[in-house]
Structure formats: C-alpha cells, structure tokens
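There are 2 protein chains.
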Amino acid sequence: MYKKICIYLSMGNSNLYKGSLTTIILKLLEEHDKMYGYEITQKVKELTQGELKITEGALYPSLHKLEADGLLDVEVAKVDNRLRKYYKLTEQGTKETVSKLAELENYIKTMQNLVNPKLILE
Amino acid sequence: MYKKICIYLSMGNSNLYKGSLTTIILKLLEEHDKMYGYEITQKVKELTQGELKITEGALYPSLHKLEADGLLDVEVAKVDNRLRKYYKLTEQGTKETVSKLAELENYIKTMQNLVNPKLILE
DNA sequence: ATTAATACATAAAATTCTTATGTATAAGAA
DNA sequence: TTCTTATACATAAGAATTTTATGTATTAAT
Numbered sequence: 569m570y571k572k573i574c575i576y577l578s579m580g581n582s583n584l585y586k587g588s589l590t591t592i593i594l595k596l597l598e599e600h601d602k603m604y605g606y607e608i609t610q611k612v613k614e615l616t617q618g619e620l621k622i623t624e625g626a627l628y629p630s631l632h633k634l635e636a637d638g639l640l641d642v643e644v645a646k647v648d649n650r651l652r653k654y655y656k657l658t659e660q661g662t663k664e665t666v667s668k669l670a671e672l673e674n675y676i677k678t679m680q681n682l683v684n685p686k687l688i689l690e
Numbered sequence: 569m570y571k572k573i574c575i576y577l578s579m580g581n582s583n584l585y586k587g588s589l590t591t592i593i594l595k596l597l598e599e600h601d602k603m604y605g606y607e608i609t610q611k612v613k614e615l616t617q618g619e620l621k622i623t624e625g626a627l628y629p630s631l632h633k634l635e636a637d638g639l640l641d642v643e644v645a646k647v648d649n650r651l652r653k654y655y656k657l658t659e660q661g662t663k664e665t666v667s668k669l670a671e672l673e674n675y676i677k678t679m680q681n682l683v684n685p686k687l688i689l690e
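Chain order of the listed sequences is A and B.
Start counting the first sequence at 569; every next residue gets the next number (the numbering used here).
Start counting the second sequence at 569; every next residue gets the next number (the numbering used here).
This is the structure:
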C-alpha cells in the first residue's frame, strides 16, 4: 500500500504568480534544452530559494496543454526503472517563449509605472 | 430603450495581470484617498497609456469583495443626478496595501531572477 | 520496516477574469 | 431631435488557471 501526506505551499503565497506558470516553464526549457516535470519543480524551488513551489496539480496539466498546443515535444525515457517525460521546445515554442518574456517585461514595466510612478521617468 | 455594444480588451492582452487587480485598486486608493469605480478604470487607462483596461465585470465584484473584507469603506454620492460610490481605504486596508505592494516587489524580483538570472547579482 | 524522495497522473473545488447583458442619466453629434 | 458616446452602477454564465486532494509506483535513506 501507499500513503501520501502533502503540504501545499505553492506559488509563493501570493496570487500574483497566477498566469506566470507557462512563462516560467518555457523560459526554463529555453535555458536547459530538455527537462522533465519533476526536474522543473526542483529547479524552480532552487532558483527561487524556496519562494516558489510549483505544485504537480498545476504543472502536469500545464505541460500537457503546452504539448497539445504544439509548443513542446515530449520524449519518454526510463531511468532506474522509473518513468521520465522529457519536454523540449518546438520551433513554435521557441517563438512563443520570446513573446511570453516580452509580455513579462511589459507587465513589470506597467505595474511599476502604476504602483510607483515617481521612479519611472522615461 | 437602450443598447450596449462592448469591446472588451481588458488586462493587457496578457494573463500575467491575473491576480494584480486588488493590488492596483489598493495602491490607487492609497494615492488618491477617495475614488469611485468608473474613475478607477479611467485612471488606470490613463496611467498605463491604454495598455491596461479594467473591465467592469472584474472591477465591481472586486470592490465589493474588498469592502466585505473590511479593506474599503464606501460612501454613496449623487453627482449630476448620477450615482457614485466612493471607496476609501480602512485602517486594515492601508496595512494590506503595504503588504500587497511588498508582495508585488517580491514577485518582480523572483520572476526577474527566474527569467534572467544573469542580470541579478545582489 | 518505515519514511522520504523521485516520478507520473487526474479530478473536484476555488479563484479570478472575460464576455455578455441589464439599467439609467448626461452630453454631444447628426 | 434623435442617435450615439460617455458616465455610472450591477450581475451572471463561462473560461482559464490554480489549489487541494487523491492515486500509483519505484528507489533511497533511516
């Protein structure tokens, strides 16, 4: 038998992260070429020093959607008798990544402008 | 009779804005003391040069929730025979604003760190 | 031997927003 | 003067995304 007790901290205790999961996945894949789901959760935890924890319930459906949309290709591997699904960017996925990153930069500028107008002079 | 044809552009054509509406409302009220709903939509449009358009369907329920949560007080006024509901921060709302702004700063730092790790050295 | 870590998955519920619609007054254009 | 746009509120169905909870299975560590 199995037993599972979970503690769900997820997305930084702030709902600002809502809507950024896709951007995060695409950017990580742009930098690391080929990653599997669990690896993404660990990498995000590491890069954010524990601030951001991607939950499985958000990650896997998101990966499936990106694949269905043609932004990711999947390749199944078996390592130590355990399943791994490696994802990588398609050509279209690479384009979408550029676009998503531009959106993020734009979001940040807009929000800083809204929230702290004195510091933005350009 | 009336007729209404709407063009819904809303939240910057990017779902990164999901989750930031509350922060935006609170910050505007911190700066402008007292505002009504329609005024908020216009102010946001103006401050973001049209990039961000708050829809009524998002704004009004959000204002009602903030009021129900004790973060905003409301005061009804009649100007030119037209109804206006002025909202202002409660004491608790002022505290929450500080907290929400800190969350935003933190979100921006975390995302920049994730997305462009080379530029962050601190 | 039991727990923690690795590795996938899905599904109900919550949250937030979009889209659509409803109501009403005032101002401006045709 | 009539039609449209702007001002000002509201709610509700549906979409999208995430949280919370659960399910299955293998390997490593205690």
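Even glycine gets a Cβ: it sits at the ideal position worked out from N, Cα and C.
All of these numbers come straight from a predicted model, not from anything done at the bench.
* Assign glycine 618/B to one of two classes, buried (16 or more other C-beta atoms within 10 Å of its C-beta) or exposed (fewer than that). => exposed
* Return the CA-CA distance between leucine 639/B and leucine 577/B, expressed in angstroms with no decimal places. => 28 angstroms
* Asked: Listed in chain order, which residues of the region 674-686 of chain B have Cβ atoms closer than 8 angstroms to some Cβ of chain A?
  -> Asn674, Tyr675, Ile676, Thr678, Met679, Gln680, Asn681, Leu682, Val683 and Pro685
* Asked: Beta carbon of isoleucine 592/A, beta carbon of threonine 609/A: below 8 angstroms?
  -> no
* Does any C-beta atom of chain B lie closer than 8 angstroms to the C-beta of serine 630/A? -> no
* Taking a cut of 9 angstroms between CB atoms, which residues from the region 591-606 of chain B lie near chain A? -> Thr591, Ile592, Lys595, Leu596 and Glu599
* Indicate whether at least one CB of chain A lies closer than 8 angstroms to the CB of glycine 625/B. => no
* Asked: Where leucine 669/B and leucine 620/A are concerned, what is the direct C-alpha to C-alpha distance, given to the nearest angstrom?
  -> 18 angstroms
* Asked: Would glutamate 664/A pass as a contact of leucine 594/A if the rule is Cβ separation under 8 angstroms?
  -> yes
* Asked: Where does asparagine 657/B sit, in a helix, a strand or coil, going by DSSP?
  -> Per the sequence presented here, residue 657/B reads as leucine, with asparagine not at that position. If DSSP states are grouped into helix, strand and coil, leucine 657/B belongs with the strands.
* To do: Just the chain B side, please: which residues come within less than 7 angstroms of threonine 658/A by C-beta, in chain order?
  => By Cβ distance, chain B contributes nothing, its closest Cβ being about 20 angstroms from threonine 658/A, past 7 angstroms.
* Asked: Is the shortest distance between the beta-carbon of threonine 616/B and the beta-carbons of chain A less than 8 angstroms?
  -> yes
* Asked: For the candidate residues Asp637/B, Thr678/B and Asn649/B, whose alpha-carbon lies nearest to that of threonine 658/B?
  -> Asp637/B
* To do: Give me the Cα-Cα distance between asparagine 581/A and aspartate 648/B, rounded to the nearest whole angstrom.
  => 44 angstroms
* **Limits of the unbroken alpha helix (DSSP H) element including leucine 596/B** => 589-600
* Asked: In whole angstroms, what is the alpha-carbon distance linking histidine 600/A and lysine 611/B?
  -> 42 angstroms
* What first and last residue would you give for the alpha helix (DSSP H) that runs through lysine 633/B? -> 624-636
* To do: Check the Cβ of tyrosine 585/A against every Cβ in chain B and list those closer than 9 angstroms, keeping chain order.
  => Gly587, Tyr675, Thr678 and Met679
* Asked: Which partner residues does lysine 646/A have in the DSSP bridge list?
  -> Leu651/A
* **Start-to-end residues for the alpha helix (DSSP H) that takes in glutamate 619/A** => Glutamate 619/A -> no alpha helix (DSSP H), and no H or E assigned at all.
* Asked: For leucine 627/A versus glycine 661/A, is the C-beta spacing smaller than 8 angstroms?
  -> no
* Asked: Considering only C-alpha positions, which residue in the set Glu643/B, Asn684/B and Glu624/B is nearest to valine 666/A?
  -> Asn684/B
* Distance, Cα to Cα, glutamate 635/B vs lysine 653/A? -> 46 angstroms
* Backbone secondary structure at tyrosine 604/B - three-state DSSP -> strand
* **Cutoff 7 angstroms; reference alanine 645/B; Cβ partners in own chain excluding five residues on either side** => Arg652 and Tyr654
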